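Peer 1: Quick one: the structure is below, and I'll ask about it shortly.
Protein chains in written order, with our numbering: chain F, 1 to 137; chain B, 138 to 254.
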């Protein structure tokens with residue numbers, strides 16, 4: 001089954017709504033808590049990134065018994081240097097974002113850590129699409 | 138130790154939590170104002186001590202399956218924080234202690250960080 005979420009880019013307080021909702025749904029569907037935790041962290045990090053860097057976007061979660069596939073698509077500024085962005089601690093977030101508790105440069109590395117596969121397509125000035133697969137095991 | 142015990146140790150004010158939440162057993166905690174770090178490094182800690190007073194403190198606790206958020210330095214949470222905590226069934230406490238002292242007091246009473254060092 002597929003779940004779709006629009007992530008508003010103008011309201012930081014709502015960042016995480018999609019992750020929270022998917023978490024509830026996966027719980028109801030009976031997925032193990034370890035899998036739900038990985039999905040929740042990976043998606044929440046992605047959702048936060050969408051809000052602070054890309055003015056929102058769209059999330060699609062394809063859920064089946066073997067795996068969960070998450071697609072996060074935005075039409076933001078794109079990632080200039082993916083290699084750097086994947087390094088622990090590298091961040092381009094503003095001080096304002098850090099004051100809100102994020103922007104420590106752990107987002108993308110943490111998304112990678114919590115997923116079994118990750119791919120990032122990005123084009124400057126066009127947008128970014130992140131795909132993550134989390135196996136139900 | 139239960140969340141109810143923590144209220145006594147930290148002389149904390151209960152902002153949200155019913156009896157069931159207050160009677161939950163907790164053994165590990167973490168303290169951070171950076172939710173990025175909590176999401177990256179925390180494993181099975183049930184309590185989050187933080188000076189962050191926006192909704193993301195509760196959302197982070199939710200994603201990490203934490204049971205209780207403790208706001209340090211006597212900070213008042215933003216208005217929608219408690220509503221979110223109620224909806225997500227997460228206990229919220231407030232203490233006048235600083236982060237350092239609140240963590241120290243909990244450690245003194247047997248709460249650990251859960252790290253493998």
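Positions of the beta carbon are idealized from the N, C-alpha and C atoms, including for glycine. If you're wondering where the values come from, they're calculated on a predicted model, not measured in any experiment.
Rounded to a whole number of angstroms, what is the C-alpha to C-alpha distance between residue 44/F and residue 147/B?
Peer 2: 30 Å
Peer 1: Using only CA atoms, which one of 153/B, 152/B, 160/B lies nearest to residue 139/B?
Peer 2: 160/B
Peer 1: Give the single residue among 123/F, 121/F, 37/F, 93/F whose Cα lies nearest to the Cα of residue 51/F.
Peer 2: 93/F
Peer 1: Report the three-state DSSP secondary structure of residue 192/B (helix, strand or coil).
Peer 2: helix
Peer 1: Within the same chain, show all residues whose beta-carbon is closer than 8 Å to that of residue 109/F, passing over the 5 residues directly before and after it, in chain order.
Peer 2: Close CB contacts of residue 109/F within its chain, under the 8 Å cut and outside five residues either way in sequence, are with 86, 87, 88 (chain order).
Peer 1: Can you tell me whether residue 187/B is buried or exposed? The criterion is at least 16 other CB atoms within 10 Å of its CB, across all chains shown.
Peer 2: buried
Peer 1: Please decide whether residue 134/F counts as near chain B, where near means a Cβ-Cβ distance under 8 Å.
Peer 2: no
Peer 1: Going by the beta-carbon positions, is the gap between residue 223/B and residue 163/B smaller than 8 Å?
Peer 2: no
Peer 1: For residue 249/B, which of 215/B, 214/B, 207/B, 167/B has the nearest alpha-carbon?
Peer 2: 167/B
Peer 1: So if DSSP puts residue 146/F in a beta bridge, which residue, or which two residues, is it bridged to?
Peer 2: As displayed, chain F neither begins before 1 nor continues past 137, which places residue 146/F out of reach and without an answer.
Peer 1: Between the segment 37-53 of chain F and chain B, which residues of the former have CB atoms less than 9 Å from a CB of the latter, in chain order?
Peer 2: Those would be 37, 40, 41, 43, 44, 45, 48, in chain order.
Peer 1: For chain B, check one thing: does any of its Cβ atoms lie closer than 8 Å to the Cβ of residue 106/F?
Peer 2: Chain B contact via Cβ: present.
Peer 1: Where do the ends of the beta strand (DSSP E) carrying residue 151/B lie?
Peer 2: 150-153
Peer 1: Under the rule that 16 or more other beta-carbon atoms within 10 Å means buried, what is residue 27/F, buried or exposed?
Peer 2: exposed
Peer 1: Considering Cα atoms alone, identify which of 141/B, 173/B, 143/B is closest to residue 97/F.
Peer 2: 173/B
Peer 1: Determine the closest residue to residue 252/B out of 157/B, 155/B, 170/B, 179/B, with distance taken between C-alpha atoms.
Peer 2: 179/B
Peer 1: Of the choices 75/F, 70/F, 99/F, whose alpha-carbon is the least far from that of residue 114/F?
Peer 2: 70/F
Peer 1: Cβ closer than 9 Å: which chain F residues qualify as neighbours of residue 194/B?
Peer 2: 101
Peer 1: In angstroms with no decimal places, state the Cα-to-Cα distance between residue 75/F and residue 192/B.
Peer 2: 25 Å
Peer 1: Could you check if residue 246/B is buried or exposed, using at least 16 other CB atoms within 10 Å of its CB as the buried criterion?
Peer 2: exposed
Peer 1: Tell me which residues of the segment 194-214 of chain B have at least one Cβ-Cβ distance to chain F shorter than 8 Å, keeping chain order.
Peer 2: 194, 196, 197, 199, 200, 201, 202
Peer 1: May I ask you to report which of helix, strand or coil DSSP gives residue 53/F?
Peer 2: helix
Peer 1: With the cut-off set at 8 Å, would you say residue 15/F and residue 171/B are in Cβ contact?
Peer 2: The Cβ-Cβ distance between residue 15/F and residue 171/B does not fall below 8 Å.
Peer 1: Tell me the start and end of each unbroken beta strand (DSSP E) in the segment 29-79 of chain F that is at least 3 residues and wholly inside, in chain order.
Peer 2: 56-63, 67-74
Peer 1: From residue 215/B to residue 189/B, what does the alpha carbon distance come to, in whole angstroms?
Peer 2: 10 Å
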